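Trainee:
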Amino acid sequence: MPIIELNGIKINYRDEGEGDPLVLIHNLTSNIKGFDRNIPEFARRYRTVAADLRGHGETTHEEDPVRAVDFYTFDKLVDDQLALLDHLGIERFHLFGQAYWGANTALHLFHRVPDRVRSVALSSTSMIISDAERKPYDVLGKEGRDNFLRMHRIARTEGMMGVYNDRLTSGQFWGPKVISSPEILSAFIEAHERTSPTAFVTIPALTADRRNDIAATLRETTVPLMLLLGEDEKLTNRAFFIEEMRADYPATHVMIIPDAGHYPTIENPYDFNRALIDFFAGVERDVRVLG
1 MPIIELNGIK INYRDEGEGD PLVLIHNLTS NIKGFDRNIP EFARRYRTVA ADLRGHGETT
61 HEEDPVRAVD FYTFDKLVDD QLALLDHLGI ERFHLFGQAY WGANTALHLF HRVPDRVRSV
121 ALSSTSMIIS DAERKPYDVL GKEGRDNFLR MHRIARTEGM MGVYNDRLTS GQFWGPKVIS
181 SPEILSAFIE AHERTSPTAF VTIPALTADR RNDIAATLRE TTVPLMLLLG EDEKLTNRAF
241 FIEEMRADYP ATHVMIIPDA GHYPTIENPY DFNRALIDFF AGVERDVRVL G
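So the sequence shown is residues 1 to 291, counted in the numbering used here.
#1: Quick one: grab the DSSP three-state call for ASN12.
#2: With burial defined as no fewer than 16 other Cβ atoms inside 10 Å of the residue's Cβ, what is the status of GLU244: buried or exposed?
#3: If the criterion is Cβ atoms closer than 9 Å, does the pair GLY242 and VAL254 meet it?
#4: Using CA atoms only, rank isn't needed, just tell me which of ARG145, HIS26, ASN12 and GLU158 is closest to ALA83.
#5: How many Å lie between LEU22 and ASP115 at the Cα?
#6: Exposed or buried, GLY102, counting other C-beta atoms within 10 Å across all chains shown (16 or more means buried)?
#7: Specify the secondary structure class of VAL254 as computed by DSSP and reduced to three states.
#8: When DSSP labels each residue in this structure, what does GLY144 get in the three-state scheme?
#9: Determine the closest residue to THR59 out of ASN165, PRO250, PHE71 and ALA99, with distance taken between C-alpha atoms.
#10: At which residues does the beta strand (DSSP E) containing GLU5 begin and terminate?
#11: By the DSSP assignment, the beta strand (DSSP E) with MET226 in it spans what residues?
#12: State the CB to CB distance for the pair ALA121 and GLN81, rounded to an integer number of angstroms; the pair is presumed to be in contact (CB under 8 Å).
#13: Pair every Cβ in the segment 34-51 with every Cβ in the segment 128-136, then say whether three or more of these pairs are closer than 8 Å.
#14: Give the DSSP bridge partners of SER130, in chain order.
#15: Just how far apart, CA to CA, sit LEU53 and GLY97?
#16: Counting beta carbon pairs with one atom in the segment 222-233 and one in the segment 149-157, are three or more of them shorter than 8 Å?
#17: Helix, strand or coil for LEU82, going by three-state DSSP, please let me know.
#18: DSSP three-state call for ARG37: helix, strand or coil?
Here it is as structure tokens:
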């Protein structure tokens, strides 16, 4: 996987396959290795590009907590994506974003360059406000909020493997399939080891005004958008994500992935891959039919 210096940082990325471009954006506490069971399938049909986000994998980490506030923002994450896409000569593309960091980076990217985005697919989240008064974990109820506050304390004092061990106990976003799978847990160990603890505790802001602006652009452009949710995702989370996304963009198409929870890309890659391929194919078919 090549590493290139762009936008003042080093970015690790993958660029595989031929065809219409597809951009994949991973979540917090992940990296592009999390797409190991997705990229080979997508690359059979699409030129598939994915990069480690700031603070993840082999892309530059910022561990100073003061500088991190300006380093880990959705605007900076979008700057990185656009710098890479421009370097690769990619103009228009399909777009997928995974959970809070990935999906909201994808939506900010769409908002920045809506004419370049052919379609948007998201998983396991919605546009959740993060500002001085509200944090994304507040919508998860008392247990979820307490879990994240504890994990943040552990990240600051013990590092990311302390967070991993805590999640084995709390099960935050980790359903039975994750907990019982040595293969998935091994991948999650590596992902935690390669995630900046400062990035983990530095939540990029998403204000109500910015959310409204993104939602307005979605409605104005009528971009095809699909929200994928794992069947085993906590029911209250799943209902919340659907309600919020359809409030922002009523044309959101919802797909439930069986035998998966919060991480359908790794818990059930077969059905996840097929759902995305079918969605993108439908978008391309509609373009041909409508001229």
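All residues carry an ideal CB built from backbone N, CA and C; glycine is no exception. Computed from a predicted structure; not experimentally measured.
Mentor: Considering the structure as presented:
#1: Indexing the sequence shown from 1 puts residue 12 at position 12. Per DSSP, reduced to three states, the secondary structure at ASN12 is strand.
#2: In the sequence shown, residue 244 corresponds to position 244, counting from 1. The residue is buried, with at least 16 neighbouring Cβ atoms inside 10 Å.
#3: Residue numbering aside, residue 242 sits at position 242 when the sequence shown is read from its first letter. Residue numbering aside, residue 254 sits at position 254 when the sequence shown is read from its first letter. The sequence shown places Ile at residue 242, rather than the Gly named in the question. A contact, by the Cβ cut-off of 9 Å.
#4: For this step, residue 83 is matched to residue 83 along the sequence shown. The shortest C-alpha separation from ALA83 is found at ASN12.
#5: Against the sequence shown, residue 22 aligns to sequence position 22. Against the sequence shown, residue 115 aligns to sequence position 115. Looking at the backbone, the Cα of LEU22 and that of ASP115 are separated by about 15 Å.
#6: Sequence index remark: in the sequence shown, residue 102 carries index 102 (1-based). Result: buried.
#7: To locate residue 254, count along the sequence shown from 1; it is residue 254. The three-state secondary structure of VAL254, taken from DSSP, is strand.
#8: Here residue 144 is taken as the residue at index 144 of the sequence shown, counted from 1. Residue state for GLY144 is assigned as helix, using DSSP reduced to three classes.
#9: Along the sequence shown, one-based indexing puts residue 59 at 59. That would be PHE71, whose Cα lies nearest to the Cα of THR59.
#10: The residue given as residue 5 occupies position 5 in the sequence shown. 3-6 is the extent of the beta strand (DSSP E) around GLU5.
#11: In the sequence shown, the residue the question calls residue 226 occupies position 226. In the DSSP annotation of this structure, the continuous segment of the beta strand (DSSP E) that includes MET226 starts and ends at 225-230.
#12: By 1-based counting over the sequence shown, the position of residue 121 is 121. By 1-based counting over the sequence shown, the position of residue 81 is 81. Taking 8 Å as the upper bound for CB-CB distance, ALA121 and GLN81 are not in contact here, some 15 Å apart.
#13: The segment 34-51 vs the segment 128-136: no contact.
#14: Looking up residue 130 in the sequence shown gives position 130. DSSP output for SER130 lists LEU206 as bridge partner(s).
#15: Locating residue 53 in the sequence shown gives position 53, where the first residue counts as 1. Locating residue 97 in the sequence shown gives position 97, where the first residue counts as 1. Their backbone Cα atoms lie some 12 Å apart in a straight line.
#16: Touching, no, given that fewer than three Cβ pairs across the two stretches are closer than 8 Å.
#17: Counted from its first residue, the sequence shown places residue 82 at position 82. Correct three-state label for LEU82: helix.
#18: Within the sequence shown, the letter at position 37 stands for residue 37. In the three-state DSSP reduction, ARG37 falls in the coil class, being neither helix nor strand.
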